[in-house]
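Mind the numbering: the sequence shown is residues 1 to 326 in full-length UniProt numbering, read in order. Built from N, CA and C at the ideal position, the CB exists for glycine as well. All values reported here derive from a predicted model rather than from experimental measurement. Below: the structure, in structure tokens.
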Amino acid sequence: MEEQELELRFQRHFLAARRLRGMPWADLERRLRAAPQRSQSSLLAAILHQTVLHPLCARYPPPASYRRLFLAELIRKHERTAAEPLDELYDALARVLNEEESAHCYRNYLLPSGEAVTLSESVAIISQGTTGLVTWDAALHLAEWAAENPAVFSNRVLINTYFTPLTFRTVLELGSGVGFTGLAICKTCNPKTYIFSDYHHCVLKQLRENIHLNGFTLEPETVSAAQADGQGQEAEGQKYQQPQLIVAELDWGSATEKQLLGLQADVVLAAGTSPFWLCLTWQRHAGVSSHKHQEICVQGSAMVPGETSPSSLHQFVFFSAAQQFT
1 MEEQELELRF QRHFLAARRL RGMPWADLER RLRAAPQRSQ SSLLAAILHQ
51 TVLHPLCARY PPPASYRRLF LAELIRKHER TAAEPLDELY DALARVLNEE
101 ESAHCYRNYL LPSGEAVTLS ESVAIISQGT TGLVTWDAAL HLAEWAAENP
151 AVFSNRVLIN TYFTPLTFRT VLELGSGVGF TGLAICKTCN PKTYIFSDYH
201 HCVLKQLREN IHLNGFTLEP ETVSAAQADG QGQEAEGQKY QQPQLIVAEL
251 DWGSATEKQL LGLQADVVLA AGTSPFWLCL TWQRHAGVSS HKHQEICVQG
301 SAMVPGETSP SSLHQFVFFS AAQQFT
């Protein structure tokens, strides 16, 4: 059981092309020292098949340089044991050494359900004048929080101390980038409608490709913020086997209040490079003045009143969950 857990830790880390130094190398060394020779080779072979030789890696591989460094480190761990040479390791490294580097790569993020979110991304952090072609850690944290709190995003009724019952149907994400957060939420939380938004043309192109890559369709293919006005509400009452996905061209840093409100979102969220923000609109549900606002922080499942929110988004109730992950 411990060996299987170790293999899965390597698998999740590798398929998502996370930092090599963050892998459980120390745990692997301890297991190898404690295991007989035959078991040492079996453990290393199992890790190899869960990573470099995994079907997801074969179809949607991480960068060649990443796979090369991973295999080199795995070989070093193997050579420190008294086990027989493992031909599969060296064969895999030889194949990777013959590959050419590409400006694009894939990352496969395994969800708790076992389903994967597969993304095509830029290898470089800054590419084509934008940082939006890679997945930032804040997007991972927000998706993790969403998986633990699916009722916030799904088409269900949420009742709490501070609000009247709300039925959430439409989610608007500001600055979606290549789409990880939205795709993870659509696969785990089943919202009625999910609106991805960004403004850089290269990011929007990559976002659309990733949505299709994960088996979703867009209706319509791409819209501007003005064209998307009211589409969230139009989706109400319609039944979809999958969430209705929309891509909106929107620069949320300069978007007007009218543009944001025109999208008719029930939930608004954004993941930056460190903290993330989650907002619930109340103007259409709570029957209060649109100029009243309140900022609340998420502490587990509790909602605690705090300071007032920025006036530019005074129609939204803000949740800040950044402290959970710092």
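Have a look at T118 and C186 and give me their C-alpha separation to the nearest angstrom.
13 Å
To test your reading of the DSSP string, which unbroken alpha helix (DSSP H) runs of 4 or more residues are found completely within the UniProt domain "FAM86 N-terminal" (8 to 96)?
25 to 34, 37 to 50, 55 to 59 and 64 to 79
By a C-beta neighbour count over all protein chains shown, 10 Å radius and 16 as the cutoff for buried, is R21 buried or exposed?
exposed
So, is K192 buried or exposed, given that buried needs 16 or more other C-beta atoms within 10 angstroms?
Flag for K192 reads buried.
Start and end of the alpha helix (DSSP H) containing T188?
F180 to T188
According to DSSP, simplified to helix, strand and coil, what is A147?
Helix.
For the structure I just gave you, are there three or more beta carbon pairs, one from the stretch 252 to 263 and one from the stretch 107 to 121, closer than 8 Å?
No, they do not touch.
Spatial neighbours of P243 within its chain, please: CB distance less than 7 Å, with the 5 preceding and 5 following residues excluded, ordered by chain position.
Correct list, in chain order: C186, N190, P191, K192, T193 and Y194.
Mind checking whether L250 and N210 have CB atoms under 9 Å apart?
no
Which term fits D91, buried or exposed, when burial requires 16 or more other beta carbons within 10 angstroms of its beta carbon?
exposed
Determine the contact status of P63 and E101, defining contact as a CB-CB distance below 9 Å.
yes
Looking at the structure shown, is A255 part of a helix, part of a strand, or coil, going by DSSP?
It is coil, neither helix nor strand.
Pick out whichever of E7, F10 and A271 has its Cα sitting closest to the Cα of L142.
A271
Cut-off 8 Å between Cβ atoms - residues of its own chain near A46, not counting five sequence neighbours on either side:
E3 and E7
Let me confirm a value: S113 is counted as buried when at least 16 other C-beta atoms fall within 10 Å, else exposed. Which label applies?
Exposed is the call here.
Assess, as a yes-or-no matter, whether the stretch 78 to 86 is touched by the stretch 103 to 110 under the definition of 3 or more beta carbon pairs within less than 8 Å.
no
Alpha helix (DSSP H) segment containing V203, residue limits
Residue range H201 to L213 is occupied by the alpha helix (DSSP H) that includes V203.
Under DSSP, the beta strand (DSSP E) around N108 begins and ends at which residues?
Element bounds for N108: H104 to L110.
Determine whether the beta carbon atoms of G177 and W136 lie at a separation below 9 Å.
For G177 and W136, yes; Cβs fall inside 9 Å.
Using a threshold of 9 Å, state whether the C-beta atoms of A139 and F180 are closer than that.
yes
Please return the same chain residues whose Cβ sits closer than 8 Å to the Cβ of L56, not counting the five positions on each side in sequence.
Hits under 8 Å: L15, N108, A116 and T118.
For F153: DSSP bridge partner residues:
Its beta-bridge partners do not exist; DSSP assigns none.
Pair within 9 Å by beta-carbon distance, L74 and L97:
no
Where do the N-terminal and C-terminal ends of the beta strand (DSSP E) with S113 fall, by residue?
Unbroken run through S113: none, as it is neither H nor E.
Excluding sequence positions up to five away, which residues of its chain have a Cβ less than 6 Å from the Cβ of L93?
L71
If we count the other Cβ atoms within 10 Å of its Cβ and call it buried at 16 or more, is P36 buried or exposed?
exposed
Return the CA-CA distance between Q231 and D198, expressed in angstroms with no decimal places.
No answer about Q231 holds up, because its pLDDT of 46 lies below 50 and its placement is not dependable.
List the endpoints of the continuous beta strand (DSSP E) containing R172.
A small correction: the amino acid at residue 172 is Leu; Arg does not occupy that position in the sequence shown. Segment T170 to L174, the beta strand (DSSP E) holding L172.
Simplified DSSP state of D266, which is helix, strand or coil
coil
Under 9 Å, Cβ to Cβ, is there at least one residue of chain C near F14?
Looking at the structure shown, chain C is missing, and only one protein chain is on hand.
Consult DSSP for Q4 and reduce its assignment to one of helix, strand or coil.
DSSP places Q4 in helix when its eight states are reduced to three.
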